[in-house]
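Before any comments, here is the structure.
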Amino acid sequence: MMEKEAKREAFRKYLESSGVVDALTKVLVALYEQNSKPSSAVEFVQQKLGGPTVAEYEKLKAEMSDLQAKYNDLLATHQETCKQLEQLKNSSAVTTSEETIEDNTHQLMHSREKYDAPYSFDLQSTDTSMGGLLHGHENKCTKETRN
14 MMEKEAKREA
24 FRKYLESSGV
34 VDALTKVLVA
44 LYEQNSKPSS
54 AVEFVQQKLG
64 GPTVAEYEKL
74 KAEMSDLQAK
84 YNDLLATHQE
94 TCKQLEQLKN
104 SSAVTTSEET
114 IEDNTHQLMH
124 SREKYDAPYS
134 FDLQSTDTSM
144 GGLLHGHENK
154 CTKETRN
């Protein structure tokens with residue numbers, strides 16, 4: 014029993030030192046001095062202590078729910094956009110690779126003509142698309158005999 018009494022006393026000292034007792038006393042005195050008593054004493058105390066009224070609380074709760082729904086929608090849209098961006102990056106890399114192959118083939122043809130290189134390329138039987146390269150088609154290179 015003594016232990017219980019000691020805990021109560023320690024809690025009372027804590028409430029006094031933290032200013033809770035003074036704040037509650039002021040609010041209760043203000044309620045007592047009201048000429049017309051409010052319909053809800055709890056709402057009066059909450060309002061005087063700086064908390065929202067029940068109506069304000071319900072409004073904030075509804076607003077939070079709406080904002081959470083908007084956030085979820087935006088997050089889903091963001092994730093979908095990231096997927097589309099990744100797909101575009103991948104397709105762009107394939108397109109760039111195909112363009113590079115075509116450019117290199119074109120340069121090889123011109124360099125052969127320019128320098129009379131001893132090699133020829135059979136480009137008609139070569140699939141220079143990325144798909145062709147991925148399926149194992151290779152450029153056929155044959156050594157020319159010089160006259």
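Going letter by letter, the sequence shown gives residues 14 to 160 in my numbering.
All residues carry an ideal CB built from backbone N, CA and C; glycine is no exception.
Discussion item. Contact defined as beta carbons within less than 8 Å: I believe Phe57 pairs with Leu44. What is the distance between those atoms, to the nearest angstrom?
Written reply: On the sequence shown, residue 57 is found 44 positions in, with the first residue counted as 1. On the sequence shown, residue 44 is found 31 positions in, with the first residue counted as 1. Yes, Phe57 and Leu44 are in contact; Cβ-Cβ is about 6 Å, under 8 Å.
Item to complete: Tell me whether Ser104 sits in a helix, a strand or coil according to DSSP, three-state version.
Response: Reading the sequence shown from its first residue, position 91 is the one you call residue 104. The answer is helix: DSSP assigns Ser104 an H, G or I state.
Worksheet entry | Distance, Thr113 Cα to Glu99 Cα | The sequence position of residue 99 within the sequence shown is 86, counting from 1. The sequence position of residue 113 within the sequence shown is 100, counting from 1. Those two C-alpha atoms are separated by around 21 Å.
Worksheet item: Does DSSP put Leu44 in a helix, a strand or coil?
Response: Locating residue 44 in the sequence shown gives position 31, counting from the first residue. In this structure, Leu44 counts as helix in the three-state DSSP scheme.
Item to complete: Tell me, please, whether the segment 84-97 touches the segment 61-72 by the rule of three or more beta-carbon pairs shorter than 8 Å.
Response: no
Worksheet item: Just the Cα atoms here: how many angstroms apart are Leu80 and Gln97?
Response: Start at 1 with the first residue of the sequence shown, and residue 80 comes out as number 67. Start at 1 with the first residue of the sequence shown, and residue 97 comes out as number 84. If I take the Cα positions, the gap works out to 26 Å.
Worksheet entry | Distance between Leu41 and Phe24 (C-alpha atoms, nearest Å) | As a first step, residue 24 must be located in the sequence shown, where it is residue number 11. As a first step, residue 41 must be located in the sequence shown, where it is residue number 28. One C-alpha to the other measures close to 20 Å.
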